[in-house]
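One line per chain: the protein sequences are A and B, in this order. By our numbering, the letter at position 53 of the first sequence is numbered 53, and the numbering carries on one by one without gaps. Take the position in the second sequence, starting the count at 1, then add 256; the result is the number in our numbering. For glycine and all other residues, C-beta sits at the position ideal for the given N, C-alpha and C. For reference, the structure is listed below as structure tokens.
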Amino acid sequence: MIDGRRVLIILPAWNEADGLPSILKEIQAHLPGADTLVVDDGSTDRTAAVAAASGSTVAQLPYNLGVGGAMRLGYRYAHLHGYDVAIQIDSDGQHDPSYVPVLLDKLKEADLVIGARFDGEGDYKVRGPRKWAMGLLSVVLSRITRTRLTDTTSGFRACNKSLIEFFANWYPVEYLGDTVESMVGAARCGFVVRQVPVAMRERTTGTPSASPIKAMVYLSRAGLVLLLAMIRRMPPHLKAIAASAPDHRGRQLVGR
Amino acid sequence: MQLTVITSVTGLLVLVYILELLRRQQLREKYATIWLAIGVVVAPLGFFPGILDSTARRLGIASGVSLVLFAGFVLVLMVSLHLSWEASRLEAETRTLSEEVALMRSHLVEHHGYPVTKHQDSALDGTDPKVYS
């Protein structure tokens with residue numbers, strides 16, 4: 001319980017046995033009121049055992065489904081157990097759990113809160129085609145969500161109860177689905193998206209890719225994902241879930 | 257004459273192979289019907305490649321062989337499209353199943369002392385690890 005809200009922190013993990021104990025310890029120290037769920041995405045190392053030993057609940061997928069699949073499982077778990085808030089944190093240690101209260105606070109005026117880089121906090125930099133791709137995504141998604149977004153591919157995000165139900169029923173599992181497409185889907189159904197600036201740390205495990213060819217591939221795939229996300233038909237029962245969300249729109253209009 | 261030999265033999269082989277797969281119950285009925293129909297159409301065409309010539313001319317195509325080639329290509333395209341669709345559907349189904357398994361398993365671990373163990377090594381070729389980069 002944090003401020004009367006039941007909070008679940010979801011950590012999708014694929015072979016993260018090395019990084020998990022420290023991030024879990026950090027979460028338990030900063031946020032004693034939150035529950036954690038490590039989604040072991042078909043790891044071949046001791047991820048599940050390590051997470052359980054660190055005192056977290058573990059959901060083990062029988063084989064690797066990718067971040068999207070792991071997150072959909074996380075939201076299904078949160079929905080099944082009636083959580084009010086679900087927060088996604090990467091298990092490689094690049095997200096700082098001390099920012100969680102900031103996200104939780106912003107959740108009072110939005111359904112989905114993104115912890116974003118490039119917004120004042122921190123000094124994370126990218127260059128070249130990858131930067132253009134991220135820029136393009138930011139511009140387009142800012143228009144769709146009618147708010148300023150600087151880091152659309154951030155995996156540090158919080159969502160409220162209505163959106164948990166929405167994501168438990170619909171969560172895109174393909175490339176960039178867990179970040180870009182899920183956000184577009186939520187926004188198109190009327191959920192309110194906001195961002196808060198956060199600083200991200202160097203990954204404690206794993207390395208980000210920097211090759212220009214990979215970045216170009218990333219750019220074209222991002223464009224395709226965006227296009228598909230815009231033209232995909234959203235089933236009516238999902239829009240019904242969105243309609244049950246707390247009315248942030250009114251407040252938004254008053255604020256203008 | 258040589259052309260008729262090769263096409264008729266091929267047509268017959270295809271028909272026999274389809275029938276054999278059906279007999280061994282290796283093809284689901286929904287696929288069986290269409291493949292059987294295709295086999296029945298293809299086999300006589302192998303013996304008499306000329307029988308489509310008049311139909312082809314009426315459609316503005318020079319010869320029956322070209323018509324068969326065109327129709328065959330369209331058919332193969334449709335079949336592979338259908339298989340992609342089928343594969344997507346199956347993947348969505350297994351995905352949902354594996355999520356369900358994981359949910360039940362976490363419940364069993366929590367409440368019934370089911371062991372948290374390392375996975376068996378089978379079926380762990382990591383289908384989509386790229387998304388983590």
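Burial state of A:P299 (16 or more Cβ within 10 Å): An answer regarding residue 299 of chain A cannot be provided, because it is not within the stretch 1 to 256 covered by chain A.
C-beta contact flag for B:L271 and B:G302 at 7 angstroms: In the second sequence, the residue the question calls residue 271 of chain B occupies position 15. In the second sequence, the residue the question calls residue 302 of chain B occupies position 46. Not in contact: B:L271 and B:G302 (Cβ atoms no closer than 7 angstroms).
Anything in the stretch 353-371 of chain B with a Cβ closer than 8 angstroms to a Cβ of chain A? List those residues in chain order, please. So the list reads S354, E355, V357, A358, L359, R361, S362, V365 and E366, given in the order they occur along the chain.
Applying a beta-carbon distance threshold of less than 9 angstroms, which residues of chain B neighbour A:A86? As a first step, residue 86 of chain A is located in the first sequence; it is residue number 86 there, counting from the start. By Cβ distance, chain B contributes nothing, its closest Cβ being about 15 angstroms from A:A86, past 9 angstroms.
What in chain B is Cβ-close to A:A52, meaning under 7 angstroms? For this step, residue 52 of chain A is matched to residue 52 along the first sequence. Those within 7 angstroms of A:A52 in chain B are V372.
Who are the neighbours of B:R351 on chain A, taking C-beta pairs under 7 angstroms? Against the second sequence, residue 351 of chain B aligns to sequence position 95. Result: L65, G69 and V173.
If we count the other Cβ atoms within 10 Å of its Cβ and call it buried at 16 or more, is A:I213 buried or exposed? Taking the first residue of the first sequence as 1, we reach residue 213 of chain A at position 213. Its Cβ having fewer than 16 others within 10 Å, A:I213 is exposed.
Are any of the Cβ atoms in chain B nearer than 7 angstroms to that of A:A49? In the first sequence, the residue the question calls residue 49 of chain A occupies position 49. The C-beta of A:A49 comes closer than 7 angstroms to at least one C-beta of chain B.
In terms of residue numbering, what span does the beta strand (DSSP E) encompassing A:A59 cover? Position 59 of the first sequence holds residue 59 of chain A. Unbroken beta strand (DSSP E) run through A:A59: T57 to L61.
Taking the C-alpha atoms as reference points, what is the distance between A:A34 and B:S362? Residue 34 of chain A sits at position 34 when you count from the first residue of the first sequence. Residue 362 of chain B sits at position 106 when you count from the first residue of the second sequence. Roughly 18 angstroms between the two C-alpha positions.
How about A:L136 and A:Q195: do their beta carbons lie closer than 7 angstroms? Sequence index remark: in the first sequence, residue 136 of chain A carries index 136 (1-based). Sequence index remark: in the first sequence, residue 195 of chain A carries index 195 (1-based). No; because the gap between Cβ atoms is not below 7 angstroms, this pair is not in contact.
If you drop the 5 nearest sequence neighbours on each side, which residues of the same chain put their C-beta closer than 6 angstroms to that of B:S264? The sequence position of residue 264 of chain B within the second sequence is 8, counting from 1. Around B:S264: G302 and F303.
Going along the stretch 7-35 of chain A in order, which residues come within less than 8 angstroms of chain B, judged by CB to CB distance? Flagged, chain order: W14.
Which residue from A:D40, A:H30 and A:L8 puts its Cα closest to that of A:E16? Working through the first sequence from its first residue, we reach residue 16 of chain A at position 16. Ranking A:D40, A:H30 and A:L8 by Cα distance to A:E16 puts A:D40 first.
Among A:L163, A:V113 and A:T179, the one whose alpha carbon lies nearest that of A:K239: The sequence position of residue 239 of chain A within the first sequence is 239, counting from 1. With distances taken between Cα atoms, A:K239 lies closest to A:L163.
Terminal residues of the alpha helix (DSSP H) in which A:N160 lies: In the first sequence, the residue the question calls residue 160 of chain A occupies position 160. For A:N160, there is no enclosing alpha helix (DSSP H); the enclosing beta strand (DSSP E) covers residues R157 to N160.
Considering only the beta carbon of each residue, do A:F167 and A:A242 sit closer than 7 angstroms? As a first step, residue 167 of chain A must be located in the first sequence, where it is residue number 167. As a first step, residue 242 of chain A must be located in the first sequence, where it is residue number 242. A:A242 is positioned such that its CB atom lies no closer than 7 angstroms to that of A:F167.
Counterpart residues of A:V193 in DSSP-defined beta bridges: Residue numbering aside, residue 193 of chain A sits at position 193 when the first sequence is read from its first letter. Answer by DSSP bridge pairing, in chain order: A:L112.
Boundaries of the alpha helix (DSSP H) in which A:Q28 is found, first to last residue: Start at 1 with the first residue of the first sequence, and residue 28 of chain A comes out as number 28. First-last of the alpha helix (DSSP H) with A:Q28: L20 to H30.
Does A:Q94 come within less than 7 angstroms of chain B when only Cβ atoms are used? By 1-based counting over the first sequence, the position of residue 94 of chain A is 94. Chain B contact via Cβ: absent.
Could you check the C-alpha separation between A:P172 and A:S154 for me, to the nearest Å? Counting from 1 along the first sequence, the entry for residue 172 of chain A is found at position 172. Counting from 1 along the first sequence, the entry for residue 154 of chain A is found at position 154. Approximately 16 angstroms, taken between the alpha carbons.
Classify A:V38: buried if its beta carbon has 16 or more other beta carbons within 10 angstroms, exposed otherwise. One-based indexing of the first sequence puts residue 38 of chain A at position 38. Within a 10 Å sphere around the beta-carbon of A:V38 sit 16 or more other beta-carbons, which makes this residue buried.
Leaving out five residues before and five after A:V58 in sequence, what residues of the same chain have Cβ atoms less than 7 angstroms from its Cβ? The residue labelled residue 58 of chain A in the question sits at position 58 within the first sequence. Only V38, D40, A48, A51 and A52 meet the Cβ criterion.
Can A:M134 be considered in contact with the ligand PLP, in the sense that its beta carbon sits closer than 6 angstroms to one or more heavy atoms? Only the bare structure without any ligand can be found here, which leaves the ligand PLP out of the picture.
Under 9 angstroms from the C-beta of A:P235: neighbouring residues of chain B: Along the first sequence, read from residue 1 onward, the residue named residue 235 of chain A stands at position 235. The contacting residues do not exist; A:P235 stays about 14 angstroms from chain B at best.
How big is the Cα-Cα spacing for B:S319 and A:G69? Stepping through the second sequence from its first residue, residue 319 of chain B is reached at position 63. Stepping through the first sequence from its first residue, residue 69 of chain A is reached at position 69. Cα to Cα, the separation comes out at about 52 angstroms.
Can you name the residues that DSSP bridges to A:V85? In the first sequence, residue 85 of chain A corresponds to position 85, counting from 1. Per DSSP, the beta bridge partners of A:V85 are A:V7 and A:N160.
Can you tell which of B:V357, B:F329 and B:E366 has its C-alpha closest to the C-alpha of A:R76? Position 76 of the first sequence, counted from the first residue, corresponds to residue 76 of chain A. The option with the nearest alpha carbon to A:R76 is B:V357.
What residues of chain B sit near A:A78, judged by a beta carbon separation below 9 angstroms? On the first sequence, residue 78 of chain A is found 78 positions in, with the first residue counted as 1. Going along chain B, no residue has its Cβ under 9 angstroms from A:A78, so there is no contact; the nearest lies around 11 angstroms.
Taking Cβ positions only, does A:V58 come closer than 7 angstroms to chain B? For the purposes of this step, residue 58 of chain A is taken as residue 58 along the first sequence, with counting starting at 1. Using a CB distance cut-off of 7 angstroms, A:V58 counts as an interface residue toward chain B.
The alpha helix (DSSP H) with A:V184 in it runs from where to where? In the first sequence, the residue the question calls residue 184 of chain A occupies position 184. In the DSSP assignment, A:V184 falls within the unbroken alpha helix (DSSP H) covering S182 to R188.
Give a yes or no on whether 7 angstroms exceeds the smallest Cβ distance from A:L238 to chain B. Against the first sequence, residue 238 of chain A aligns to sequence position 238. No, no contact with chain B.
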